[in-house]
Amino acid sequence: MHIQATKPDTVGVGLNDSPIGLLAYILEKFSTWTNPSYLSLPDGGILKKYSREDILTIISIYWLQGNILSSQRYYKENFLSKNIFNSKYVNIPTAYAAFPYDIGEVTPKELIQLNYNLTQMTIFTDGGHFAAFEMPKELANDILNFGLKF
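So the sequence shown is numbered by my numbering: it starts at 32 and just counts up by one.
What follows is the structure, given as structure tokens:
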């Protein structure tokens, strides 16, 4: 995560140049950002949550479109912001879904409420950074429940 948040262009150029490098890089993220206990497994636990076909589809999308670099720039442009506490308040109803194995800690409700009109906060018992890919039905139901409130 550090290189993505500090020097995404450095790693992005190399990943756009090598499909095998891109595959290795993304597989490592799928393993470590899905569940940290998977690190001790011989295969990184990749197939516990993802099918081979889904993995190859995701890799192909990044490779064929050449967009791994732009996906990494998000981290640099957003996570190192010094203005997090000076943001304008977002009055629009907001939902927050938290997953225990995401790459950061679950943001405290009080911190979210400083900047957002938090109307729903769901703390899941499973899932990581790729929750929409890992557990699409659960996340879709959470989003649907939020939408039904209006």
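Ideal Cβ placement from N, Cα and C applies to all residues, glycine included.
Separation of residue 118 and residue 166 (C-alpha to C-alpha, rounded to the nearest whole angstrom) is 31 Å. Counting other Cβ atoms within 10 Å of its Cβ, residue 96 stays below 16 and is therefore classed as exposed. With the rule of 3 Cβ pairs closer than 8 Å, the segment 66–76 does not count as touching the segment 139–156.
Inside the segment 49–76, DSSP marks no whole beta strand (DSSP E) run of 3 or more residues. Residues of the same chain with a CB within less than 6 Å of the CB of residue 106, apart from the 5 flanking positions on each side, are 35 and 36 in chain order. With a 10 Å radius around the Cβ and a threshold of 16 neighbouring Cβ atoms, residue 120 comes out exposed. Using a 10 angstroms sphere on the CB of residue 65, the tally of other CB atoms reaches 16 or more, which defines it as buried. When only Cα atoms are considered, residue 141 and residue 39 end up about 31 Å apart.
If you look at residue 98, you'll find it isn't in any beta strand (DSSP E); DSSP assigns it neither H nor E. Between residue 128 and residue 170, the CB-CB gap stays under 8 Å.
If you draw a straight line from the Cα of residue 94 to the Cα of residue 175, it comes to about 32 Å.
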